[in-house]
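For the sequence shown, position 16 matches number 15 in numbering that gives the first Met the number 0, and the numbering has no gaps at all. A short write-up of the structure that comes next.
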Amino acid sequence: MKRIILGVIVIILCIAAGGVYFTMKNQDEIVNQIENSYMEKGLIRDYDKVESMHLAESIGQYMTYLVEINDEKRFEEQVKVLENNFFVNESDNLFIKWELNNTTSTNAIVDDFRISNALHLAAKVFEKQKYKEIATKIDDSVKKNMIRSNVLIDFYDWKFQEKAKTLHINYLDSQSVKRLGQFDEMKKILLESKRSGPFFSEIYFPDKQIYQFANDAEVNMIDQVLIAIAYKELTGRKDKSFDQFISNELLKGKIYTRYDLKTGAPKSNDESSTVYAMLLSYLDGDLKNKTEQRLKTIDLTNAKTTHVFDYLNAAIESNR
């Protein structure tokens with residue numbers, strides 16, 4: 000009997016070890032791809048190309064992934080990249096350049112959200128007060144400079160001290176919105192959004208209190224899914240019209256990148272890994288399984304043709 004029990008324990012330990020190895024192997028593959036294909040001199044590029052851009056967006060995504068896999072060393076390296084290249088201290092504010100360029104004098108609220116979220120989480124996971132202090136400075140700068148008519152806006156230009164006149168609703172992040180005390184305002188904007196069939200308008204003008212579609216002819220599904228996720232998280236429920244549209248498209252076999260604004264018909268033959276990756280947190284059951292299967296059919300291994308945004312989105316959402 001003791002031998003049987005011992006044998007069972009050994010088998011369980013082997014299975015557990017195998018699972019850990021498989022997870023670590025997959026995580027190593029993500030890190031290796033970023034560092035070997037997308038990174039140059041410590042800076043992440045959007046593609047493995049000479050003329051590629053260096054974006055705060057990419058650093059925020061990588062930081063999100065690193066804290067989720069508990070890689071403190073690499074996370075700290077990315078914080079230093081921000082401090083040395085992207086952070087701008089201006090009049091007691093801490094701004095983040097959206098792009099690494101000597102002439103850049105604007106941030107992007109979506110980058111501020113993502114990087115601040117990663118820092119707040121890292122402060123807890125790695126027990127480092129420094130990260131919370133940096134995140135708080137970013138949040139404070141957003142509250143001081145990126146609210147117009149009591150609504151969050153897209154960006155701020157610290158050189159000319161000018162605020163954007165718009166909010167792209169697809170930039171909203173429920174975690175950040177709650178932390179910044181903008182929950183009620185953003186919930187209202189989502190609930191009152193101008194619609195065309197199942198689709199959401201993407202742009203809001205705070206001063207005029209009007210909505211606008213980014214394109215009069217078609218919608219980009221990355222933007223639509225991001226808004227649907229924000230809607231779900233800030234209102235506590237899914238939008239029925241959009242949810243039905245997504246369900247119908249998945250039952251047909253796939254979701255396309257662009258759809259006609261008026262008719263809802265596909266306007267491209269392409270699929271987006273980012274759309275599928277983001278839908279993993281929106282869907283459940285059979286539809287989530289279908290989404291996972293579609294995501295697996297998209298090859299993201301070529302860094303010359305795959306934007307790092309798509310690669311990291313798939314890595315982050317698949318890891319959760």
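Where is the CB? At the ideal position from N, CA and C, for every residue including glycine.
Under DSSP, the alpha helix (DSSP H) around residue i begins and ends at which residues?
i, result
"Asp183", "Phe182 to Leu190"
"Ile137", "Gln128 to Asn144"
"Glu76", "Glu71 to Val80"
"Glu316", "Val307 to Asn318"
"Asn219", "Taken as a continuous stretch (DSSP letters only), Asn219 belongs to no alpha helix (DSSP H), being part of the beta strand (DSSP E) at Glu217 to Asn219."
"Arg178", "Ser173 to Arg178"
"Glu291", "Gly284 to Lys295"
What do you reckon, are the CB atoms on residue i and residue j nearer than 9 Å?
i, j, result
"Phe125", "Phe94", "no"
"Leu99", "Ala55", "yes"
"Ile209", "Tyr281", "no"
"Ile221", "Asn169", "yes"
"Leu171", "Ile226", "yes"
"Asn116", "Ser175", "yes"
"Leu260", "Asp215", "yes"
"Asp70", "Ala302", "no"
"Lys272", "Asn312", "The identity of residue 272 in the sequence shown is Ser, whereas the question assumes Lys. Taking 9 Å as the Cβ cut-off, Ser272 and Asn312 qualify as a contacting pair."
"Val80", "Tyr130", "no"
"Gly59", "Arg147", "no"
Buried or exposed: residue i, going by 16 or more other Cβ atoms within 10 Å of its Cβ?
i, result
"Phe198", "buried"
"Asp190", "Note that residue 190 corresponds to Leu in the displayed sequence, not to Asp. Burial call: exposed."
"Thr304", "exposed"
"Val49", "exposed"
"Lys24", "Reliability fails at Lys24, whose pLDDT of 48 lies under 50, so the model's placement of it is uncertain and the value that follows must be treated cautiously. Exposed is the call here."
"Ala107", "buried"
"Arg257", "buried"
"Arg293", "buried"
"Ala121", "buried"
"Tyr310", "buried"
"Thr102", "exposed"
"Arg44", "buried"
"Lys40", "exposed"
"Thr22", "Unreliable positioning characterises Thr22 in this predicted model, as indicated by a pLDDT of 48, which lies under 50. The coordinate reading is nonetheless provided below. Result: exposed."
"Glu28", "exposed"
"Gly314", "According to the sequence shown, residue 314 is Ala rather than Gly. Buried, because 16 or more other Cβ atoms sit within 10 Å of the Cβ of Ala314."
Quickly, what does DSSP pair residue i with across the bridge? List them, please.
i, result
"Arg194", "Phe199"
"His167", "Ile202"
"Asp156", "Thr105 and Glu161"
"Leu151", "Ile146"
"Leu42", "Glu39"
"Glu98", "Leu54"
First and last residue of the beta strand (DSSP E) that includes residue i?
i, result
"Leu93", "Asn92 to Ile95"
"Phe86", "Phe86 to Glu89"
"Arg257", "Arg257 to Asp259"
"Tyr210", "Ile209 to Gln211"
"Glu270", "Note, Glu270: premise wrong, no beta strand (DSSP E); not H, not E."
"Glu67", "From DSSP, Glu67 is part of no beta strand (DSSP E) but of the alpha helix (DSSP H) over Ala55 to Glu67."
For a cutoff of 9 Å on Cβ pairs, would you count residue i as touching chain C?
i, result
"Asp110", "Absence of chain C from the displayed structure is noted, only one protein chain being present."
Would you say residue i touches the ligand MG, meaning its beta carbon is less than 8 Å from a heavy atom?
i, result
"Glu248", "Absence of the ligand MG from the depicted structure is noted, as is the absence of any ligand whatsoever, leaving it without description."
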